[in-house]
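If you're matching positions, the sequence shown starts at 1414 in our numbering and goes up one per residue.
Positions of the beta carbon are idealized from the N, C-alpha and C atoms, including for glycine.
Note that the structure is a prediction, hence the values are computed from the model and not measured.
Written below as C-alpha cells is the structure these notes are about.
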Amino acid sequence: MLTLEEGRLAVRLARQAFTAYTENKKIIEPRDLPSVFEEKRG
C-alpha cells in the first residue's frame, strides 16, 4: 500500500503524463521515483 505522500506523487505523475501526451503527444520519462514504484502491483 502506498503512503499518502506516495499516492499524491502517483496522482501528480499521472496528471503530468496525461497532459503531456494529450497536448504534445509526448511520453514522459519520470526520474528519481521512490523504489515503491518499481514493485509489481495489481
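Once the 5 residues before and after L1446 are set aside, which same chain residues still bring their CB inside 7 angstroms of it?
As a first step, residue 1446 is located in the sequence shown; it is residue number 33 there, counting from the start. Taken in chain order, the list of residues that qualify is empty.
To the nearest whole angstrom, what separates the beta carbons of L1415 and A1423, a pair I think is in contact under 8 angstroms?
The sequence position of residue 1415 within the sequence shown is 2, counting from 1. The sequence position of residue 1423 within the sequence shown is 10, counting from 1. A Cβ-Cβ separation of about 7 angstroms places L1415 in contact with A1423 under the 8 angstroms criterion.
Taking a contact to mean a Cβ-Cβ separation below 8 angstroms, would you say A1430 touches I1441 in this structure?
Walking along the sequence shown from the start, residue 1430 turns up at place 17. Walking along the sequence shown from the start, residue 1441 turns up at place 28. Taking 8 angstroms as the Cβ cut-off, A1430 and I1441 qualify as a contacting pair.
Among residues of its own chain, excluding the 5 on either side of K1439, which ones have a beta-carbon nearer than 7 angstroms to its beta-carbon?
Along the sequence shown, one-based indexing puts residue 1439 at 26. Once the five neighbours on either side are set aside, the close Cβ partners of K1439 are A1433.
Leaving out five residues on either side along the sequence, give the residues of the same chain with a beta carbon under 7 angstroms from the beta carbon of V1449.
As a working note, residue 1449 is residue 36 in the sequence shown. L1415, E1419.
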